[in-house]
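This report refers to the structure that appears directly beneath it.
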Amino acid sequence: MQRPTSATLPLARDLIRAPSVTPDDGGAIGVLATALRGLGFDIVDLPFGEGAARTPNLFARLGRGSPHLCFAGHTDVVPAGEQGWTSGPFDAVIRDGRLYGRGACDMKGGIAAFVGAIDRYLSDGRPLAGSISLLITGDEEGPATHGTVRVLEWMRDHGQIPDFCLVGEPTNPEHLGDVIKIGRRGSLNARIVVPGIQGHVAYPHRADNPVHRLLAILAELTAVPLDDGTEWFEASSLQVTSIDVGNSATNVIPGRAEARLNIRFNDLHTGQGLAEWIASVCRTHAPAAEADVRISGEAFLTQPTAEVDMLVAAIRAVTGREPRLDTGGGTSDARFISRYCPVAEFGLVGASMHKVDEHASVADLEELTDIYASFLERLMR
1 MQRPTSATLP LARDLIRAPS VTPDDGGAIG VLATALRGLG FDIVDLPFGE
51 GAARTPNLFA RLGRGSPHLC FAGHTDVVPA GEQGWTSGPF DAVIRDGRLY
101 GRGACDMKGG IAAFVGAIDR YLSDGRPLAG SISLLITGDE EGPATHGTVR
151 VLEWMRDHGQ IPDFCLVGEP TNPEHLGDVI KIGRRGSLNA RIVVPGIQGH
201 VAYPHRADNP VHRLLAILAE LTAVPLDDGT EWFEASSLQV TSIDVGNSAT
251 NVIPGRAEAR LNIRFNDLHT GQGLAEWIAS VCRTHAPAAE ADVRISGEAF
301 LTQPTAEVDM LVAAIRAVTG REPRLDTGGG TSDARFISRY CPVAEFGLVG
351 ASMHKVDEHA SVADLEELTD IYASFLERLM R
């Protein structure tokens, strides 16, 4: 079913050449806006934040009817990192059938495939039965404070919430067509600080060792698994990521001890419930301890819907693979979108994302365009 496309690969290269390392836009949003205006989209620039650090965002829509499908993604990328790139990280070089560059798979290639699929759908002369929009942010790889979450608020206030949203994150571990993500685990980070009384190790009765109290807290938090998983989610996981005392002396009981941990949790928990549990354990072993918990996202699940079934059918028709419905991996902006409408994620193979020589197969870019176009055709019937 693979057909050449005149839109996807050139746009992917233009986007990669815009060095949009968070928080800089590098001109990427403008490149995309130009391409969408050429297809007849109405464009709304939505920068949020203050001063020079304002986050660039874009909302674009074609048509006003239902069903309303939204493609969502981000143009910002992580830094190029250490030396070792075979070609410049923003040169968008094609070599041995692969497009190389920062953002090739995460996720400028996916955004280009959105546009290529829309271009193909419109070029076939079919009337647009519903409407198509794009929600694109320049702040997904960073703190995500003024990105998708703010655009969604604007969309809600202006009557632009879609019936279904497809996020183009690179969901596939090895082959295009392996995985559709229909949910994600929640995530929280906790910083626990236990105060003590500094003193000489030879006179422990004159001190209060915070390390012992901190170890007791961590022992209880990690003593038993949080759960055994659910139908759609693997077991929740608590991982201690750091224990710091800052004590270079061997004969001094420190005056404070600190630990950091992360919990990736399924839909049996809420971030608030876990935060209260952590605080309770801290009070038991160190009443004066401080637990600073930051919840970056709640667990969410899109139960398989007609739209998900259409996406599965499109992937099967193009690749011959039967995608697995999955909820694993890290967080994405789908955690914000799930508050407003059903959402699924499907994009390129992500094995090289955030790495030196990040790349996407040119053939995969073509097939991803085919998949998105097939999905559009099925949804807009």
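Numbering (UniProt numbering), first residue to last: 1 to 381. Cβ atoms here follow ideal geometry from the backbone N, Cα and C, with glycine treated the same way.
Separation of residue 201 and residue 273 (C-alpha to C-alpha, rounded to the nearest whole angstrom) is 38 Å. With contact defined as three or more Cβ pairs closer than 8 Å, the stretch 310-329 and the stretch 373-380 are in contact.
Inside the stretch 86-125, DSSP marks whole alpha helix (DSSP H) runs of 4 or more residues at positions 109-123, from first to last along the chain.
Taken in chain order, the unbroken stretches of beta strand (DSSP E) that lie wholly in the stretch 223-259 and span 3 residues or more are 237-244. Per DSSP, residue 335 is one residue of the alpha helix (DSSP H) stretching across 334-337.
From the listed residues 171, 241 and 35, the smallest Cα separation to residue 324 is found for 171. Around the beta carbon of residue 160, 16 or more other beta carbons lie within 10 angstroms, which makes this residue buried. Within the same chain, and ignoring the five residues on either side of residue 315 in sequence, the residues whose Cβ sits closer than 6 Å to its Cβ are 177, 323 and 371.
Linking residue 136 to residue 213 through their CA atoms gives a straight-line distance of about 46 Å.
Listed in chain order, the alpha helix (DSSP H) runs fully inside the stretch 311-375 are 334-337, counting runs of at least 4 residues.
C-alpha of residue 105 to C-alpha of residue 77: approximately 10 Å in a straight line. Comparing alpha-carbon positions, the option among 321, 96 and 101 lying closest to residue 84 turns out to be 101. Just so you know, the alpha carbons of residue 150 and residue 114 end up roughly 22 Å apart. In the three-state scheme derived from DSSP, where H, G and I count as helix and E and B as strand, residue 193 is classed as strand.
Under the three-state reduction of DSSP, residue 298 is assigned to coil, being neither helix nor strand.
Take residue 31, set aside five residues on each side of it, and the residues of its chain with a beta-carbon closer than 6 Å to its own are 14, 15 and 18, in chain order.
The stretch 86-103 makes no contact with the stretch 180-199: fewer than 3 CB pairs, one atom from each, lie closer than 8 Å. With a cut-off of 8 Å on Cβ pairs, the stretch 44-59 is not in contact with the stretch 325-341, counting fewer than three such pairs. Take the alpha-carbon of residue 240 and the one of residue 260: they are about 6 Å apart. The criterion of a C-beta distance shorter than 9 Å is not satisfied by residue 108 and residue 7.
Burial is judged here by how many other beta carbons sit within 10 angstroms of a residue's own beta carbon; residue 184 has at least 16 and is buried. Residue 305 counts as exposed, since fewer than 16 other beta carbons sit within 10 angstroms of its beta carbon.
The three-state reading of DSSP puts residue 153 in helix, counting H, G and I together. By the neighbour-count definition (other C-beta atoms within 10 Å, threshold 16), residue 103 is a buried residue. Contact between residue 333 and residue 72 holds, with the beta-carbon distance rounding to 7 Å and staying under 8 Å.
By a beta-carbon distance limit of 8 Å, residue 215 does not contact residue 112. Their separation comes to about 51 Å. Each of 43, 132 and 204 was checked against the Cα of residue 67, and the nearest Cα belongs to 132. By the criterion of a C-beta distance shorter than 7 Å, residue 218 is surrounded in its chain by 240 and 259, once the five residues flanking it on both sides are discounted.
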